[in-house]
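K.L.:
Residue numbers (the working numbering), protein chains in the order written: chain L, 1 to 215; chain C, 1001 to 1215.
Number of protein chains: 2
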Amino acid sequence: MAEKPPAQIRVRRHPERGHYDAETVYPILDAGAVCHVGFIRDGHPVVLPTLHVRVDDHLYLHGAVASGLLKAMAKGVPVCVTVTELDGLVLARSVYNHSLNYRSVVVFGQAYEVTHPDEKLRALRSLVEKVQPGRWADARQPNATELRATRVVAIRIESASAKVRSGPPIDEAEDMDLPVWAGVIPVRAVRGEPEPDPALPAGVEIPPYIASGSV
Amino acid sequence: MAEKPPAQIRVRRHPERGHYDAETVYPILDAGAVCHVGFIRDGHPVVLPTLHVRVDDHLYLHGAVASGLLKAMAKGVPVCVTVTELDGLVLARSVYNHSLNYRSVVVFGQAYEVTHPDEKLRALRSLVEKVQPGRWADARQPNATELRATRVVAIRIESASAKVRSGPPIDEAEDMDLPVWAGVIPVRAVRGEPEPDPALPAGVEIPPYIASGSV
């Protein structure tokens, strides 16, 4: 990744919250379960959610070959991939200073279609393993028809910008003694108890790699 | 909202997952803590996360008057607002049929600046009350300077498309007897224990309206 961000991705509001280094950007990309991809269709911006995974300095997305989003991306249109993790509700003494704690990353780039079978399979494995580590080896592997029906696109992360807010509310000096409770309500995504498919044959137990934990 | 969606927002992949009625769309917009706004800047798509609130058939967003996103929106550029709630990880017997359970809504429109003081104040109150019901009346109210420093934009929800997947994995008939566990791992956002601002004066207790619960 470039150390110096191009103007296009510089964090303008609250520049002190901006970060452009892989050490900040990559963990946020990895923590986000889904991303939002923006592209232009018929002159209009379109934003769609999808699963992503980062492998080294590339982001991989996938979908059906018939997917309009994937088709457009395979053609190399400019895209913006944004990942946001909400960490807390920041309640200040004043309405004005209410805020959210969050980590977000914006990646600008052009996607290209991944056609090499090894890279395509590696990307698909990484997507599955991101959602549930240990899953790829356990599930029935994709066959040639399924691989042909799936498109994988990659975006090289040449530069990206992260924006992070954390910590307590920041109120005006003259508000600090108001008798108003202030603080942070943390927010996080959690996994619940696995719900077995009702059609599961008797005797198929939950494998050990599916443990409860954060998403 | 229009009952018949324009082609631009029709769900193309898995059309059976598409919904265009307010009864489906509004609760998803209301459940999402943040949205992702897409717009075009210098010919490139840009996607940024922000807080939103729905009041009747309008979405309201806000930010600093200096915010580039808000400035662009106040000028009436076309925008796409997308809200996504992840509900579960869908583990199928085959890698190919893995999926996610989710509810998402895409709203296309043009934003306009809210300048009427009553509508602006109502939008800000709705934004705060969405994050924490009961908060607006308790916190110090915005003064004239703070209101001038804040821009509010609105988007009329003329048409929107929701896409929803729920339920267990859908595997191929020939995979149903494989000895592979299949099912759904539910995912949800939860609020943790409130963390009081370390600078809070002694004796300011957590108000009753701040209870633990879903976001």
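For each residue, glycine too, the CB sits at the ideal point set by N, CA and C.
1. From the beta carbon of C:Gly-1038, is the nearest beta carbon of chain L less than 8 Å away?
2. What is the DSSP secondary structure of L:Gln-8, counted as helix, strand or coil?
3. Can you list the residues of chain D that L:Met-176 reaches, using a CB-CB cut of under 7 Å?
4. Chain L beta carbons: is any one of them nearer than 8 Å to that of C:His-1052?
5. Can you list the residues of chain C that L:Gln-110 reaches, using a CB-CB cut of under 8 Å?
6. Name, in chain order, the residues that DSSP records as bridge partners for C:Arg-1054.
7. Note down, in chain order, every chain C residue with its Cβ under 9 Å from the Cβ of L:Pro-179.
8. Per DSSP, what are the beta-bridge partners of L:Arg-191 in this structure?
9. Quick check: what's the CA-CA separation for L:Thr-24 versus L:Glu-129?
10. Hey, is the region 73-85 of chain L in contact with the region 110-117 of chain L, meaning 3+ C-beta pairs nearer than 8 Å?
11. Between the Cα of C:Glu-1195 and the Cα atoms of C:Pro-1186, C:Ile-1206, C:Pro-1201, C:Arg-1188, which residue gives the shortest distance?
12. Could you check the C-alpha separation between L:Val-79 and L:Ala-182 for me, to the nearest Å?
13. So, with DSSP's three-state summary, where would you put L:Thr-24?
14. Is there at least one Cβ from chain L nearer than 8 Å to C:Tyr-1102's Cβ?
15. Report, in whole angstroms, the separation of the C-beta atoms of C:Leu-1147 and C:Leu-1051, which I expect to be a contact under 8 Å.
16. Could you pull the start and end residues of the alpha helix (DSSP H) that C:Glu-1119 belongs to?
17. Step through the CB atoms of chain L and report whether any lies within less than 8 Å of the CB of C:Arg-1122.
18. Return the residue from the list L:Thr-82, L:Ala-33, L:Val-204 that minimises the CA-CA distance to C:Pro-1049.
19. Can you name the start and end residues of the alpha helix (DSSP H) that L:Lys-71 belongs to?
20. State the DSSP-derived secondary structure class of L:Leu-89, mapped to helix, strand or coil.
21. What is the DSSP secondary structure of L:Asn-101, reduced to helix, strand or coil?
22. Mapping the DSSP letters down to three states, classify L:Glu-16 as helix, strand or coil.
23. Report the neighbours of L:Ala-66 on chain C: residues whose CB is nearer than 7 Å to its CB, in chain order.
24. By the three-class DSSP mapping on this structure, what secondary structure does L:Ala-173 have?
25. So does the region 1171-1185 of chain C actually touch the region 1088-1097 of chain C, counting three or more Cβ pairs closer than 8 Å?
26. Under 8 Å by Cβ, that's how I've got L:Ala-160 and L:Tyr-60 pegged, so tell me the actual separation to the nearest angstrom.
27. On the three-state DSSP scale, how would you describe C:Glu-1158?
P.N.:
A quick look at the data gives this:
1. Position 38 of the second sequence, counted from the first residue, corresponds to residue 1038 of chain C. Interface residue, yes.
2. Indexing the first sequence from 1 puts residue 8 of chain L at position 8. Residue state, collapsed to three classes: helix.
3. Protein chains L and C are contained in the structure displayed, whereas chain D is not.
4. One-based indexing of the second sequence puts residue 1052 of chain C at position 52. C:His-1052 does not count as touching chain L.
5. Residue mapping note: residue 110 of chain L aligns to position 110 of the first sequence, counting from 1. Here the premise fails: no neighbours, minimum Cβ distance about 10 Å.
6. If you number the second sequence from 1, residue 1054 of chain C lands on position 54. Per DSSP, C:Leu-1059.
7. Along the first sequence, read from residue 1 onward, the residue named residue 179 of chain L stands at position 179. The answer, in chain order, is Pro-1201, Gly-1203, Val-1204.
8. Numbered from 1 along the first sequence, position 191 holds the residue referred to as residue 191 of chain L. L:Arg-191 is bridged to C:Val-1187.
9. Numbered from 1 along the first sequence, position 24 holds the residue referred to as residue 24 of chain L. Numbered from 1 along the first sequence, position 129 holds the residue referred to as residue 129 of chain L. Each residue's alpha carbon lies about 22 Å from the other.
10. yes
11. Start at 1 with the first residue of the second sequence, and residue 1195 of chain C comes out as number 195. The shortest Cα separation from C:Glu-1195 among C:Pro-1186, C:Ile-1206, C:Pro-1201, C:Arg-1188 belongs to C:Ile-1206.
12. For the purposes of this step, residue 79 of chain L is identified with residue 79 of the first sequence, where counting begins at 1. For the purposes of this step, residue 182 of chain L is identified with residue 182 of the first sequence, where counting begins at 1. Using only the alpha carbons, I get a separation of about 39 Å.
13. As a first step, residue 24 of chain L is located in the first sequence; it is residue number 24 there, counting from the start. Helix, per DSSP.
14. Counting from 1 along the second sequence, the entry for residue 1102 of chain C is found at position 102. Yes, because at least one Cβ of chain L sits closer than 8 Å to the Cβ of C:Tyr-1102.
15. As a first step, residue 1147 of chain C is located in the second sequence; it is residue number 147 there, counting from the start. As a first step, residue 1051 of chain C is located in the second sequence; it is residue number 51 there, counting from the start. Not really, about 17 Å apart at Cβ, beyond 8 Å.
16. Locating residue 1119 of chain C in the second sequence gives position 119, where the first residue counts as 1. Segment 1117-1131, the alpha helix (DSSP H) holding C:Glu-1119.
17. On the second sequence, residue 1122 of chain C is found 122 positions in, with the first residue counted as 1. By this cut-off, C:Arg-1122 is not an interface position.
18. Your numbering for residue 1049 of chain C matches position 49 in the second sequence. Minimum Cα distance to C:Pro-1049 is reached at L:Thr-82.
19. Numbered from 1 along the first sequence, position 71 holds the residue referred to as residue 71 of chain L. Note, L:Lys-71: alpha helix (DSSP H), 68-74.
20. The sequence position of residue 89 of chain L within the first sequence is 89, counting from 1. Correct three-state label for L:Leu-89: strand.
21. Sequence index remark: in the first sequence, residue 101 of chain L carries index 101 (1-based). Here L:Asn-101 sits in strand by DSSP.
22. Walking along the first sequence from the start, residue 16 of chain L turns up at place 16. It is helical.
23. If you number the first sequence from 1, residue 66 of chain L lands on position 66. By Cβ distance, chain C contributes Arg-1013.
24. Position 173 of the first sequence, counted from the start, is the residue given in the question as residue 173 of chain L. In the structure shown, L:Ala-173 sits in a helix (DSSP, three-state: H, G or I).
25. yes
26. The residue labelled residue 160 of chain L in the question sits at position 160 within the first sequence. The residue labelled residue 60 of chain L in the question sits at position 60 within the first sequence. With 8 Å as the limit, L:Ala-160 and L:Tyr-60 do not qualify as a contact, their Cβ atoms being about 15 Å apart.
27. By one-based count along the second sequence, residue 1158 of chain C stands at place 158. Looking at C:Glu-1158 - three-state DSSP - the assignment turns out to be coil, as it is neither helix nor strand.
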